[in-house]
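> Please read through the structure below; I'll follow up with questions.
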Amino acid sequence: MSNDQGGVPYIRRAIQEMGPKFDPPTEGVLRHKGYDTGEVLAMGLNESLFPPSPKVLDAVRDNLTMMNRYPDAQCPALSDMVTARTGVPVENIVWGNGSEELIQGAIHLSISPGDGMILPVPTFWGYRAMVEASEADCAYVGMKADGHVDADAVLGAVGNRTKLLFLVTPNNPSGRMLDGTTLRRFVEEVPENVLLGVDEAYHEFGLHAGGPDVVEVLKERRGPWVVIRTFSKAYAMAGMRIGYALCSDGDIAQALRKTTCTFNVPILAQAAAEAALLDEAYLAKMLKDVSESRAMLEEGLRDLGLDPFPSVCNFVSANAHRNARELAAEVLENGVQLHAWPEPGYETYIRITVAPKSDVATCLEVLAAVLSK
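Structural data, given as structure tokens:
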């Protein structure tokens, strides 16, 4: 690979050649653009549209006076709680500023420029920038028509230079998850000299829908693995930026830890996460409420003539059979924010975050009005 920097000599060529970093349309961004966000249903990002546990809010309030102090590095109290639940030793747990820091870290610890990586797509849009910045030779493997991972194609892409294979289950934006049989196939057939990464941002939703316990299955693997989870989704804490990785061994954990900042998880996020883990009854209610609203949204989309993927997550994606970006823009002008898939080849697909039933009804009404024009 050429070392010719070109352009700006002090910026790596790969960084210069990347497209501009995407700014997600968060509430603050919409407000800055002039939208009355009090009148917009924010169903375009995969935030939780259900509130966090009251106990989480209490924990944040109780720790406000600690903001002048550094947070614990690598969250020892939280690690003890996660070890008790998963059986993964404390020394094999790594904490991050959301799961994205840990995904990026897994790429950095395993990939040098030109090394091989495999990623099933479409998936979380943030992967593209991280892969390009690493200068990986990445094989992007398309999903099946039903939204499931094409296991044959993914495994067939493994080559001599492959260092990292990432799976995302349940997957964003399809909402589909790996079944136990397919997951075990990856555990058995991915070579032992390849790091098997599993992005489990929607872990709690997958279990609730009857999916496999990913960590327990991966414990059967002889080769290295890392599972990455977050508090952003089922625990309704996207703004707190806290995630964690469960690693197969101490070498992987220590390497991953080296890619993170020292005080990377805010002190209020740690307090909130401890409260969230302890409030199991609230998590169960959250999963039930999301499941019921998701079923309502899927049925409503089918009634509108769209083709939704059966989802297990807090969102539903569908083929709108028209330009998704244009549709999302029209719907936003009518008070509902949707997401258009950015993946090439899926220009007619939209994703809608699950909300309380009254908001789902409003969303469907707006969609019906726009689609009828």
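Everything in the sequence shown is counted per the numbering used here, starting at 1 for the first residue and increasing by one.
Built from N, CA and C at the ideal position, the CB exists for glycine as well.
1. Considering only residues of the same chain and omitting the five flanking positions on each side of A443, which have a CB-CB separation below 8 Å?
2. Excluding sequence positions up to five away, which residues of its chain have a Cβ less than 7 Å from the Cβ of R184?
3. Assuming P54 is part of the alpha helix (DSSP H), what are its boundary residues?
4. Is the beta carbon of M130 less than 8 Å from the beta carbon of S174?
5. Output needed for C247: all residues of its chain with C-beta closer than 6 Å, excluding positions within five of it in sequence on either side, in chain order.
6. Run through the segment 274 to 322 for me and flag every whole alpha helix (DSSP H) of 4 or more residues, listed as ranges in chain order.
7. Please classify S53: is it buried, with 16 or more other beta-carbons within 10 angstroms of its beta-carbon, or exposed?
8. When the Cα atoms are used, what is the spatial distance from S358 to E189?
9. Using 8 Å for Cβ pairs, my map puts A84 next to A271. What's the rounded Cβ distance?
10. Out of M240, T123, L301, which has the shortest C-alpha to C-alpha gap to D199?
11. Are the beta-carbon atoms belonging to H352 and L338 less than 8 Å from one another?
12. Count the other CB atoms, across all protein chains shown, that sit within 10 Å of the CB of N193; report buried if there are 16 or more and exposed otherwise.
13. Check A73 in the structure and name its three-state DSSP category.
14. Per DSSP, which one or two residues make a beta bridge with I228?
15. Give the DSSP bridge partners of H339, in chain order.
16. Check whether the Cβ atoms of V158 and P191 lie closer than 8 Å to each other.
17. Consult DSSP for N3 and reduce its assignment to one of helix, strand or coil.
18. Can you tell me where the alpha helix (DSSP H) holding L109 begins and where it ends?
19. By the 10 Å Cβ neighbour count, where 16 or more other Cβ atoms means buried, how is P170 classified, buried or exposed?
20. Hey, how far is the Cα of A328 from the Cα of S48?
21. On the premise that G206 lies in contact with M240, defined as a C-beta separation below 8 Å, what is that separation, rounded to the nearest angstrom?
22. Which class does T162 belong to by DSSP, given the choice of helix, strand or coil?
23. With DSSP run on the structure shown, which of helix, strand or coil describes A14?
24. Where K33 and R161 are concerned, what is the direct C-alpha to C-alpha distance, given to the nearest angstrom?
25. Have a look at A284 and E292 and give me their C-alpha separation to the nearest angstrom.
26. On a Cα-Cα basis, can you pick out the residue from A318, L30, V56 that is closest to Y282?
27. Select from V141, Y244, E326, Y10 the residue whose C-alpha is nearest the C-alpha of L102.
28. Less than 8 Å between the CB atoms is what I'm expecting for A201 and L164, so what's the real figure, rounded?
29. Measure the alpha-carbon distance for I242 versus K373 and round it to whole angstroms.
30. Hey, V336 and W95 are a contact pair by Cβ (cut 8 Å); roughly how many whole angstroms apart?
31. Is DSSP giving M117 helix, strand or coil here?
32. Whole angstroms are fine: how far does the CA of A361 sit from the CA of V121?
33. Count the other C-beta atoms from every protein chain shown that fall within 10 angstroms of the C-beta of S311, then say buried if there are 16 or more, exposed otherwise.
34. For the putative contact between L364 and G300, defined by C-beta atoms under 8 Å, what is the C-beta separation to the nearest angstrom?
35. Output the distance between the C-alpha atoms of L278 and R12, rounded to the nearest integer angstrom.
36. Could you tell me which residues DSSP pairs with W95 in its beta bridges?
Once the coordinates are examined:
1. Given a span of 1 to 373 for the chain in the structure shown, any question on residue 443 remains unanswerable.
2. To locate residue 184, count along the sequence shown from 1; it is residue 184. Around R184: V217.
3. In the sequence shown, counting from the first residue as 1, residue 54 sits at position 54. First-last of the alpha helix (DSSP H) with P54: 54 to 62.
4. On the sequence shown, position 130 is the one that residue 130 refers to. On the sequence shown, position 174 is the one that residue 174 refers to. Not in contact: M130 and S174 (Cβ atoms no closer than 8 Å).
5. Taking the sequence shown and counting its residues from 1, the one referred to as residue 247 is at position 247. Same-chain partners within the cutoff: N92, V226, A253.
6. The segment 274 to 322 contains these whole alpha helix (DSSP H) runs: 280 to 303.
7. Numbered from 1 along the sequence shown, position 53 holds the residue referred to as residue 53. Answer is buried; the Cβ neighbour count reaches 16.
8. Start at 1 with the first residue of the sequence shown, and residue 358 comes out as number 358. Start at 1 with the first residue of the sequence shown, and residue 189 comes out as number 189. Each residue's alpha carbon lies about 46 Å from the other.
9. Your numbering for residue 84 matches position 84 in the sequence shown. Your numbering for residue 271 matches position 271 in the sequence shown. Actually they do not touch by this definition, with Cβ atoms about 18 Å apart.
10. Indexing the sequence shown from 1 puts residue 199 at position 199. Of M240, T123, L301, the residue nearest in Cα terms is T123.
11. Position 352 of the sequence shown, counted from the start, is the residue given in the question as residue 352. Position 338 of the sequence shown, counted from the start, is the residue given in the question as residue 338. For the sequence presented, residue 352 should be read as Ile rather than His. A Cβ-Cβ contact shorter than 8 Å links I352 with L338.
12. Your numbering for residue 193 matches position 193 in the sequence shown. Exposed.
13. Here residue 73 refers to the residue found at position 73 of the sequence shown. Correct three-state label for A73: coil.
14. As a first step, residue 228 must be located in the sequence shown, where it is residue number 228. DSSP, once it has assigned bridges, lists D199, A245 as partnering I228.
15. Along the sequence shown, read from residue 1 onward, the residue named residue 339 stands at position 339. Bridge partners of H339: R351.
16. Taking the first residue of the sequence shown as 1, we reach residue 158 at position 158. Taking the first residue of the sequence shown as 1, we reach residue 191 at position 191. Against a cut-off of 8 Å, the Cβ pair of P191 and V158 comes out as a contact.
17. Counting from one through the sequence shown, the residue named residue 3 turns up at place 3. Because the pLDDT of N3 is 47, which lies under 50, any placement of that residue in the model is unreliable, and the number read from its coordinates should be weighed accordingly. In this structure, N3 counts as coil in the three-state DSSP scheme.
18. Start at 1 with the first residue of the sequence shown, and residue 109 comes out as number 109. 98 to 110 is the span of the alpha helix (DSSP H), which, as asked, contains L109.
19. The count along the sequence shown starts at 1 and reaches residue 170 at position 170. P170 is buried by the Cβ-count criterion.
20. As a position in the sequence shown, residue 328 is number 328, starting the count at 1. As a position in the sequence shown, residue 48 is number 48, starting the count at 1. Taking the straight line from one Cα to the other gives about 20 Å.
21. Within the sequence shown, numbered from 1, the residue matching residue 240 stands at position 240. Within the sequence shown, numbered from 1, the residue matching residue 206 stands at position 206. At roughly 21 Å, the Cβ-Cβ gap does not stay under 8 Å, so M240 and G206 are not in contact.
22. As a first step, residue 162 is located in the sequence shown; it is residue number 162 there, counting from the start. In this structure, T162 counts as strand in the three-state DSSP scheme.
23. The residue you call residue 14 lines up with position 14 of the sequence shown. If DSSP states are grouped into helix, strand and coil, A14 belongs with the helices.
24. Reading the sequence shown from its first residue, position 33 is the one you call residue 33. Reading the sequence shown from its first residue, position 161 is the one you call residue 161. Cα to Cα, the separation comes out at about 45 Å.
25. Counting from 1 along the sequence shown, the entry for residue 284 is found at position 284. Counting from 1 along the sequence shown, the entry for residue 292 is found at position 292. In a straight line, the C-alpha of A284 is about 13 Å away from that of E292.
26. Numbered from 1 along the sequence shown, position 282 holds the residue referred to as residue 282. Here the closest residue by C-alpha is V56.
27. The residue you call residue 102 lines up with position 102 of the sequence shown. The candidate whose alpha carbon is nearest that of L102 is Y244.
28. As a first step, residue 201 must be located in the sequence shown, where it is residue number 201. As a first step, residue 164 must be located in the sequence shown, where it is residue number 164. Rounded, the Cβ-Cβ distance is 18 Å, inconsistent with contact.
29. Here residue 242 refers to the residue found at position 242 when the sequence shown is read from its first residue. Here residue 373 refers to the residue found at position 373 when the sequence shown is read from its first residue. So the alpha carbons of these two residues sit roughly 43 Å apart.
30. Position 336 of the sequence shown, counted from the first residue, corresponds to residue 336. Position 95 of the sequence shown, counted from the first residue, corresponds to residue 95. About 35 Å; that fails the 8 Å criterion.
31. Here residue 117 refers to the residue found at position 117 of the sequence shown. In the structure shown, M117 sits in a strand (DSSP, three-state: E or B).
32. If you number the sequence shown from 1, residue 121 lands on position 121. If you number the sequence shown from 1, residue 361 lands on position 361. Straight-line Cα distance between these residues: approximately 30 Å.
33. Locating residue 311 in the sequence shown gives position 311, where the first residue counts as 1. So S311 ends up on the buried side.
34. By 1-based counting over the sequence shown, the position of residue 364 is 364. By 1-based counting over the sequence shown, the position of residue 300 is 300. G300 and L364 do touch by the CB rule: their CB atoms are close to 4 Å apart, below 8 Å.
35. Within the sequence shown, the letter at position 278 stands for residue 278. Within the sequence shown, the letter at position 12 stands for residue 12. Between L278 and R12, the C-alpha separation is close to 45 Å.
36. Here residue 95 refers to the residue found at position 95 when the sequence shown is read from its first residue. In the DSSP output, where bridge partners are listed per residue, W95 has Y244.
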